[in-house]
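Chains as they are written, first to last, in our numbering: chain A, 5 to 292; chain B, 31 to 297; chain C, 4 to 257.
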């Protein structure tokens with residue numbers, strides 16, 4: 005398991021610096037700013053995108069990418085629409101958090117139900133397998149027919165993805181790990197709520213929490229995907245250039261925007277993952 | 031699998047189909063059949079197509095070669111992406127797992143890729159490689175590589191120290207130890223990560239094909255059927271993707287079972 | 004503080020078959036009666052169905068043939084009256100030693116002061132008072148096992164079902180645990196069914212030894228152990244003990 009803080013910070017930093025160095029070298033050598041933007045372009049795009057979040061008229065600096073005062077079609081479209089990096093990030097994060105908040109308990113519940121006894125497992129497991137085989141984003145066009153272009157229609161795939169992912173660790177946690185503790189507890193007279201809250205859940209919690217990080221990754225994938233397809237805000241939208249669905253990828257895309265977006269996503273993703281790891285460690289301090 | 035479990039599974043699935051069929055019949059009368067498509071209303075849309083209309087549509091799609099060719103195209107992309115990504119990922123994962131210094135060097139790269147949702151790379155790849163097959167396949171490969179890299183890395187790390195010490199005491203050099211001890215141990219982890227990668231690959235290809243929809247592909251089928259809308263096609267498309275994912279997943283599971291045969295204590 | 008008039012365990016012609024890909028007969032035609040306050044050891048080779056028998060008595064499995072009764076009533080589920088200590092380690096790692104021991108009392112609805120009193124007494128008995136607030140990860144395997152035994156005793160059940168509790172311990176720790184268990188049992192007479200694969204352990208602890216065959220398990224032989232109590236280190240080398248041990252081992256090997 006990779007530690008939260010890298011153990012050899014020097015080597016890590018050195019590698020990071022090397023990454024940055026190699027990139028700067030390659031991008032300046034290649035001199036193709038529309039494909040490999042220079043580090044300066046990236047920095048400028050970054051600041052440009054930290055806008056006020058209000059739609060702004062663009063004052064016609066149609067300078068091409070790679071020139072001082074870096075601007076581009078995509079950046080301009082985004083600024084025009086009032087899209088800013090921090091707002092997009094916030095909105096995407098909100099969607100991810102919603103998906104987790106609703107999807108995790110749902111998935112855990114279903115996992116519990118499946119693992120509870122052999123009977124329900126035999127009947128319900130095949131249905132679960134069928135449902136989780138469908139990629140949530142494949143459903144999004146169908147959901148749109150029911151709910152139109154609404155926030156719900158974007159959030160449902162995220163919830164669906166998180167829930168289906170959370171079932172398996174819960175299932176295994178209950179069946180493989182918690183089973184023997186439940187037997188011992190029942191022989192001590194525990195039943196019902198006591199059995200559930202004081203025995204089953206704590207016993208299964210390491211496995212369930214272990215799945216948390218994976219659910220996190222899935223939630224982000226689905227959120228960004230949903231935004232790329234069907235949203236006017238959020239990181240997915242920023243990456244694809246701020247147009248409506250039909251014209252996605254038709255705006256002249258600026259790689260600097262995409263790189264900035266990717267780095268921002270990676271940073272937030274890493275932060276959330278690290279938090280999940282710390283949370284898990286805290287809650288399972290009793291594990292040998 | 032014991033007979034009773036198969037029987038119960040069949041019962042459950044048949045019940046599901048029956049429930050759907052009933053819902054579709056009720057829906058025919060009760061559900062609204064006007065759908066807002068962003069610019070206009072479309073009349074006469076059956077949100078829950080009856081089983082019969084689904085069957086008819088399915089027959090049509092198969093006979094007209096639309097479905098088979100879409101399947102072929104999407105499957106081909108997924109397979110190439112899977113193979114490519116797995117090779118790169120597994121190789122790198124094994125390398126960074128085995129040589130600790132390599133790991134520290136590679137870590138920032140891996141972290142960057144790992145926390146980037148694969149889909150975010152699509153616009154970048156389109157810029158770099160234009161439209162067409164390459165960006166899609168590369169996108170799948172990227173996601174797959176990250177997942178399998180982590181799996182292979184975990185696999186190498188999970189070898190109990192005791193086995194390696196025993197091997198050293200028997201005079202095995204690092205190369206032999208790697209081939210005969212580390213690899214067999216890492217294999218189950220690797221295949222487990224391939225399983226995850228398969229799911230990821232399908233999610234990726236569906237979205238990539240939805241965004242850059244061109245004929246023939248499953249994503250295109252979904253996008254096109256959403257435009258009219260032609261609901262039976264959409265549902266059949268969704269079901270097809272689901273079944274393909276299931277198929278790939280089952281194959282990977284079987285592979286995993288085969289590879290871990292030596293791990294399970296019999297009796 | 005016995006809380007039942009009489010609490011024998013009785014199995015009548017019990018058979019158990021595990022269904023699955025291939026069905027296995029774990030037990031066949033097994034009849035056993037345990038008297039009130041008797042300490043019975045069940046001895047047998049690996050896989051002979053000892054654990055299955057115990058699980059049936061504990062109420063987790065229903066015999067596929069025959070019947071089991073507890074104090075005359077058919078056994079239809081687990082409960083605190085049949086204290087069961089599993090072979091695997093099941094001390095709850097997320098609770099302290101005290102919380103573990105008090106768990107059954109919590110389930111019964113006792114208030115904290117009452118629970119504490121019982122727990123203190125038991126901790127003193129097993130000599131782990133210093134570890135009251137420790138978490139299982141700080142305990143050795145032997146100590147964890149004793150906590151599991153104490154946990155079950157806290158409910159003061161009239162029946163104890165112990166499945167190779169000392170199997171995973173080294174011989175010195177095992178000998179100490181056997182002494183501790185013998186002490187405990189002498190203080191609070193309970194009906195005990197104790198599964199083991201170690202003949203010497205069976206002889207040291209039990210009033211009666213039941214020897215099972217290989218799978219499917221059936222009773223092969225029974226021995227009354229009339230060695231006087233309290234038994235001690237010296238007892239293990241006494242002629243009577245050794246002679247009986249020889250008989251038991253011969254019966255088991257046959």
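Even for Gly, the Cβ is constructed at its ideal location relative to N, Cα and C.
Here residue 226 of chain A is buried, its C-beta having at least 16 other C-beta atoms within 10 Å. Residue 198 of chain A reaches chain C at 109 and 110, counting residues in chain order whose Cβ is nearer than 8 Å. Scanning the region 159-239 of chain B from its first residue to its last, the whole alpha helix (DSSP H) runs of 4-plus residues come out as 163-187, 191-199 and 204-207.
Contact between the region 41-50 of chain C and the region 142-161 of chain C is absent: fewer than 3 CB-CB pairs across the two stretches fall below 8 Å.
The C-alpha of residue 201 of chain A lies about 25 Å from the C-alpha of residue 102 of chain A.
Across the structure, residue 142 of chain B and residue 101 of chain B are spaced so that their CA atoms are roughly 33 Å apart.
Collapsing the DSSP output to three states places residue 193 of chain C in coil.
In the three-state reduction of the DSSP assignment, residue 89 of chain C falls in the coil class, being assigned neither a helical nor a strand state. Residues are counted here when their Cβ sits less than 9 Å from a Cβ of chain A; for the region 99-120 of chain B the count is zero. Chain-order list of chain A residues neighbouring residue 89 of chain C: 184, 187 and 188, by C-beta distance under 7 Å.
In the structure shown, residue 88 of chain A falls within a coil segment according to DSSP collapsed to helix, strand and coil. Of all C-beta pairs linking the region 88-107 of chain B to the region 253-270 of chain B, three or more are shorter than 8 Å, placing the two stretches in contact. Counting other Cβ atoms within 10 Å of its Cβ, residue 195 of chain B stays below 16 and is therefore classed as exposed. Cβ proximity to chain A below 7 Å picks out 232, 233, 236, 237, 240, 241 and 242 from the region 223-245 of chain B. In this structure the region 162-180 of chain A touches the region 114-128 of chain A; the number of beta carbon pairs closer than 8 Å is three or more. Nearest Cα to residue 230 of chain A within the set A:104, A:162, A:21 and A:111: A:162. Interface criterion not met: the Cβ of residue 122 of chain A is under 8 Å from no Cβ in chain C. Contact check for residue 37 of chain C and residue 56 of chain C: beta-carbon distance about 11 Å, past the 8 Å limit, so the pair fails to qualify. Taking 8 Å as the CB threshold, residue 97 of chain B stays off the interface with chain A. Rounded to the nearest whole angstrom, the CA to CA distance from residue 219 of chain B to residue 291 of chain A is 22 Å. In the DSSP assignment, residue 73 of chain C forms a beta bridge with C:12 and C:76. As a beta-bridge residue in DSSP terms, residue 225 of chain C pairs with C:213. Beta-bridge annotation (DSSP): residue 27 of chain C is paired with C:21. Note that the C-beta distance between residue 124 of chain C and residue 99 of chain C is not below 8 Å. If the five residues before and after residue 185 of chain A are omitted, its C-beta is found closer than 7 Å to the C-beta atoms of 203 and 207, all from its own chain and listed in chain order. Linking residue 129 of chain B to residue 203 of chain B through their CA atoms gives a straight-line distance of about 15 Å.
Secondary structure of residue 291 of chain A (DSSP, three-state): coil.
Each residue's CA atom was taken as its position, placing residue 71 of chain C and residue 122 of chain C some 32 Å apart. By alpha-carbon distance to residue 120 of chain C, the top candidate from C:58, C:32 and C:158 is C:158.
Contact between the region 234-241 of chain A and the region 89-105 of chain A is present: three or more C-beta pairs spanning the two stretches fall below 8 Å. Around residue 35 of chain B, the beta-carbon contacts reaching into chain A at under 7 Å are 126. Close CB contacts of residue 179 of chain A within its chain, under the 8 Å cut and outside five residues either way in sequence, are with 119 (chain order). Residue 290 of chain B and residue 280 of chain A have their C-alpha atoms spaced approximately 30 Å apart. Within chain C, the C-beta atoms nearer than 7 Å to that of residue 193 of chain A come from 82, 83, 107, 110, 111 and 158, in chain order. The beta carbon of residue 175 of chain B sits closer than 7 Å to those of 115, 118 and 119, all from its chain and outside the five residues before and after it, given in chain order.
Proximity of the region 249-259 of chain B to the region 130-148 of chain A meets the contact definition, three or more beta-carbon pairs being nearer than 8 Å.
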